[in-house]
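**Q** Got a structure for you, questions after.
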Amino acid sequence: MKRILFSVALISISGVAAEKPTLCVGKYHSEAEAVAQLKRMGATYSNLNQWKARAAAVRQQILTGANLNPLPIRTPLNSIIKNKRIYDGYTVEAATFEARPGYFVYGNLYRPLGRTGKRPGILCPHGHARGPEGGRLRSDQQNRCATLARMGAVVFSYDMIGFGDSEHLGWSHKHPQALTLQTWSSIRAIDFMETLPDVDEKKIGVTGCSGGGTQTFLLTAVDDRVAVSVPVVMVSAHFFGGCHCESGMPIHKTGKLETNNTEIAALAAPRPLLLISVGGDWTKNTPVVEYPYIRRVYKFFDKESSAENAHFPNQKHGYQYLKRQAMYPFMVKHLGLDRSGVYDKSTELYDENKNTIEKVATMRTFNTLDEMPKHALKPGAAVPLR
């Protein structure tokens, strides 16, 4: 199988005191401490080659800390796609694949109607919003997936462990392998997209909000098949993610290297990256702290224009309408989507009114464990990686 990940050379970064791996959880730094850390990290490189060396070390630390170095063997996906629903300009299907033997990832596949040839593919991981219509079942998630499909993208919206169908079938988000499984599931989600005959493997995008934003920048950092990345309300120098699926393993700080989510997001360079931030959460400083740090990295590649920031100072956490309106043109521009019939020139907005918001029961991939393949792991079981 072709090589798809950046090489992870055994490189150590000097200047960081030797120490045992440390978990950087939640607001691990004050805002001032975060600025100081960015300054320390930025001083370790001053040109493109030095940045590439540091980036390789950061990737290695992420994969090692997540227990994904070496990567698991790519076992058969055994994907199941079923229950097609036809709507105005797009279709939705239940889609499942096997990330590891017996461990399944559940989601929905949105496809454009009336399009021919290979289309851009977009992954849509979700955040930690709970409730009967949380996760990928949320209306904001359905709206962005449907709108992107109406513009010609093939979109896969998938569950974190212990959310949606995963929770319905008995898995808990408190699973100790959550960070590992979610990162690996996202890598395998690209594998899944590449098996679809209507997906252009050179045009893979990813966008998610909050915890889905974490999945977005982690996947982009470790997998070079991601062509366009839009993490929403999550890239912060002082906030490392409050869930164990984001910061519960030593991916940020070891005796060899310290990093944070801003630098991890910078590993997208030189690929197009849009940071969407707001004044009402930990991304409030993005225009003056995180974004300038990342643009400096893009400048080494002579690609400053490929890194953008859409900041909403009066908005709160989430992937609400205005933030989706910032994401759509970025995906149109960099993935070559067709906005005709969706973009309203008079309002300069992307129309979501033709989208159908489905009920939870309609979106299910499996209703009971009895419907699952017989070799499916028992909910909560340890998932073998080697």
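So the numbering used here is basically just the index in the sequence shown, starting at one, shifted up by 658.
Beta carbons are placed, not taken as given, at the ideal position from N, Cα and C, and that holds for glycine.
1. As an exercise, report each continuous beta strand (DSSP E) stretch of at least 3 residues that is fully enclosed by the segment 724 to 806, in chain order.
2. Could you tell me if Asn918 is buried or exposed, where buried requires 16 or more neighbouring beta carbons within 10 angstroms of its beta carbon?
3. In whole angstroms, give me the CA-to-CA distance for Pro908 and Thr920.
4. Kindly indicate which three-state DSSP category His910 falls into: helix, strand or coil?
5. Counting only the same chain and skipping the five closest in sequence on each side, list residues whose C-beta sits under 7 Å from that of Leu956.
6. Could you work out which residue in Tyr951, Gln799 and Ala807 is closest to Tyr816 when comparing CA atoms only?
7. Where DSSP assigns a beta bridge to Thr865, which residues make up the other side?
8. Candidates Pro987, Val990 and Leu925: which alpha carbon is nearest Lys710's?
9. Buried or exposed: which applies to Arg846, given that a residue is buried once 16 or more other Cβ atoms fall within 10 Å of its Cβ?
10. Start and end of the beta strand (DSSP E) containing Phe1051?
11. Which of the three DSSP states is assigned to Lys893 in this structure?
12. For Phe814, which beta-bridge partners are listed by DSSP?
13. I'd like the span of the beta strand (DSSP E) that includes Ser998, first residue to last.
14. Taking the alpha-carbon positions, what's the Asp856 to Gly779 distance?
15. Mind checking Gly747: buried by the 16 CB within 10 Å criterion, or exposed?
16. Please report the distance separating the alpha-carbon of Ala667 from that of Arg732.
17. Out of Ile739, Cys682, Arg758 and Ala692, state which residue places its alpha-carbon closest to the alpha-carbon of Pro1042.
18. I want to know whether the segment 1014 to 1025 touches the segment 749 to 756 - three or more CB-CB distances under 8 Å.
19. How is the alpha helix (DSSP H) around Ile845 delimited, first residue to last?
20. Just to confirm before moving on: does the CB-CB distance between Gly822 and Arg802 stay below 7 Å?
21. Of the choices Gly999, Ser843 and Val891, whose alpha-carbon is the least far from that of Gln978?
**A** With the given structure in hand:
1. Taking 3 residues as the minimum length, the beta strand (DSSP E) runs contained wholly in the segment 724 to 806 are 738 to 744, 748 to 758, 761 to 770 and 777 to 783, in order along the chain.
2. Asn918 comes out buried.
3. Taking C-alpha positions only, Pro908 is separated from Thr920 by approximately 16 Å.
4. His910 falls in the coil class under three-state DSSP.
5. It is Tyr, not Leu, that sits at residue 956 in the sequence shown. The beta carbon of Tyr956 lies closer than 7 Å to those of Ala927, Pro928, Glu962, Ser964 and Ala965 in the same chain, with the five residues before and after it left out.
6. Ranked by Cα distance from Tyr816, the options Tyr951, Gln799 and Ala807 are led by Gln799.
7. Looking at the DSSP output, Thr865 bridges to Val888.
8. The candidate whose alpha carbon is nearest that of Lys710 is Leu925.
9. Classification for Arg846: buried.
10. Any answer about residue 1051 is impossible in this case: the structure gives the chain only from 659 up to 1044.
11. In the sequence on display, residue 893 carries Val and not Lys. Val893: coil per DSSP, three-state reduction.
12. Answer is Leu767 and Leu781.
13. Per DSSP, Ser998 lies in no beta strand (DSSP E) and is assigned neither H nor E.
14. Distance between the alpha carbons of Asp856 and Gly779: 9 Å.
15. With 16 or more other Cβ atoms inside 10 Å of its own Cβ, Gly747 counts as buried.
16. Unreliable positioning characterises Ala667 in this predicted model, as indicated by a pLDDT of 39, which lies under 50. A coordinate reading is not provided.
17. In this structure, Arg758 is the residue among Ile739, Cys682, Arg758 and Ala692 with its C-alpha nearest to the C-alpha of Pro1042.
18. The segment 1014 to 1025 makes contact with the segment 749 to 756: 3 or more CB pairs, one atom from each, lie closer than 8 Å.
19. Residue range Ala836 to Thr853 is occupied by the alpha helix (DSSP H) that includes Ile845.
20. Result no, Cβ atoms of Gly822 and Arg802 do not sit closer than 7 Å.
21. Ranking Gly999, Ser843 and Val891 by Cα distance to Gln978 puts Val891 first.
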